[in-house]
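Here the structure comes first, spelled out in structure tokens, and everything after it is commentary.
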Amino acid sequence: MTSSSPFRLGHSRQADWRDAIDDCLRQIGEDHDANLAFIYVTDAHAKKLGDLLRALKQRTGVAHWVGSVGAAVCCTNAEYYEQPALVLMLSRFPEDQFRIFRQTGDLPAPDNAPDEHLMSGVRTALVHGDPRNGQLPQLLEQLPEMLGNGYLIGGVSSSENSQYFQIADEITEGQLSGVVFEEGIPLATGLSQGCSPIGRPHLLTDCDNHMAISIDNRPA
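Those letters in the sequence shown? Residues 85 to 304, by my numbering.
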């Protein structure tokens with residue numbers, strides 16, 4: 085990676101996961117030294133996610149991976165819903181400035197928990213959660229304190245076929261997973277979402293500031 089291009093993005097709607105990898109890597113290129121990759125797939129690729137992840141590790145040489153299955157995924161200038169999709173982003177950070185983690189209970193398992201130097205000060209964590217886990221609210225409430233007054237971003241895995249897989253260096257599910265960034269990593273966060281129009285267009289015919297009073301000359 086270079087300072088002017090710290091991230092490389094590729095995305096594909098190819099139905100075959102092998103073709104999707106080829107498509108993404110053509111966009112990303114081979115001249116990178118990434119050590120952390122973000123990956124999101126729709127349901128169509130979920131059953132082969134293990135094969136897909138192994139192939140990506142082998143072809144890119146990237147050791148650390150984080151991501152999830154989503155019923156819909158979006159990236160720069162593209163939204164994918166009810167179709168096969170793979171979104172891949174490669175990045176590079178100092179090796180001691182991030183840590184992949186998985187959590188299976190009220191507390192992180194010792195071999196998967198962020199180590200001591202990641203648990204002092206303010207950290208930022210990209211977190212994926214499994215909606216089937218009834219303890220998810222409690223786990224999310226505890227996690228910032230575990231990280232040392234941490235700040236959380238991320239979301240809940242989604243699937244139309246009960247395939248709530250997450251990636252945290254390997255395939256996992258039923259828990260929280262993600263990546264913790266040291267406080268030395270500058271991050272900016274925002275909200276992105278895709279929208280589709282429902283029904284025919286309507287005309288707002290009367291309003292009071294931001295409140296709609298009538299639409300198409302009928303009460304709103």
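By construction, the Cβ of each residue, glycine as well, lies at the ideal position given by its N, Cα and C atoms.
Note that this is a predicted model, so its numbers are computed, not measured.
Checklist entry - When the Cα atoms are used, what is the spatial distance from E244 to F122? => result Their Cα atoms are separated by approximately 22 Å.
Checklist entry - If you follow the alpha helix (DSSP H) that E163 is part of, which residue opens it and which one closes it? => result Unbroken run through E163 is the beta strand (DSSP E), A162 to Y165; no alpha helix (DSSP H).
Checklist entry - Given a threshold of 16 other Cβ atoms within 10 Å of its Cβ, counted over all protein chains shown, does F91 qualify as buried or as exposed? => result F91 is exposed by the Cβ-count criterion.
Next on the checklist: By the DSSP assignment, the beta strand (DSSP E) with T289 in it spans what residues?
Outcome noted: For T289, the enclosing beta strand (DSSP E) has its first and last residue at L288 to D292.
Checklist entry - Is the distance from the Cβ of F177 to the Cβ of I269 below 8 Å? => result Cβ atoms of F177 and I269: closer than 8 Å.
Checklist entry - Which residues mark the beginning and the end of the beta strand (DSSP E) in which A252 is found? => result Q250 to A252 is the span of the beta strand (DSSP E), which, as asked, contains A252.
Item to check | For L271 and G213, believed in contact at Cβ under 8 Å, the rounded distance | outcome: G213 to L271, Cβ: 19 Å. No contact.
Checklist entry - Which first and last residues belong to the alpha helix (DSSP H) in which L275 is found? => result DSSP places L275 outside any alpha helix (DSSP H), giving it a letter other than H or E.
Item to check | Q187 (DSSP reduced to helix, strand or coil) | outcome: It is a strand residue.
Checklist entry - When burial is assigned at 16 or more other CB atoms within 10 Å of the CB, is L288 buried or exposed? => result Classification for L288: exposed.
Item to check | Spatial neighbours of T273 in its chain, beta-carbon cut-off 6 Å, leaving aside the 5 residues before and after | outcome: So the list reads I237, once near-sequence residues are dropped.
Item to check | First through last residue of the beta strand (DSSP E) which encompasses T208 | outcome: First-last of the beta strand (DSSP E) with T208: T208 to G213.
Next on the checklist: Can you give me the C-alpha to C-alpha distance between H286 and P303, rounded to a whole angstrom?
Outcome noted: Distance from the CA atom of H286 to the CA atom of P303, rounded to whole angstroms, is 13 Å.
Item to check | Same chain only: Cβ atoms within 8 Å of Y235, ignoring 5 sequence neighbours per side | outcome: Closer than 8 Å at the Cβ level, and outside the excluded window around Y235, lie V206, R207, T208, A209 and P228.
Item to check | Exposure label - R102; buried when at least 16 CB within 10 Å | outcome: Burial state of R102 is exposed, judged by a 10 Å Cβ sphere holding fewer than 16 other Cβ atoms.
Item to check | Between the CA atoms of Q222 and A147 - distance to the nearest angstrom | outcome: Linking A147 to Q222 through their CA atoms gives a straight-line distance of about 31 Å.
Checklist entry - Where F265 and E179 are concerned, what is the direct C-alpha to C-alpha distance, given to the nearest angstrom? => result If you draw a straight line from the Cα of F265 to the Cα of E179, it is about 10 Å long.
Next on the checklist: Using only CA atoms, which one of L275, G283, V211 and H116 lies nearest to E257?
Outcome noted: Of L275, G283, V211 and H116, the residue nearest in Cα terms is V211.
Item to check | Distance between G94 and V110 (C-alpha atoms, nearest Å) | outcome: Note that residue 110 corresponds to Arg in the displayed sequence, not to Val. Straight-line Cα distance between these residues: approximately 8 Å.
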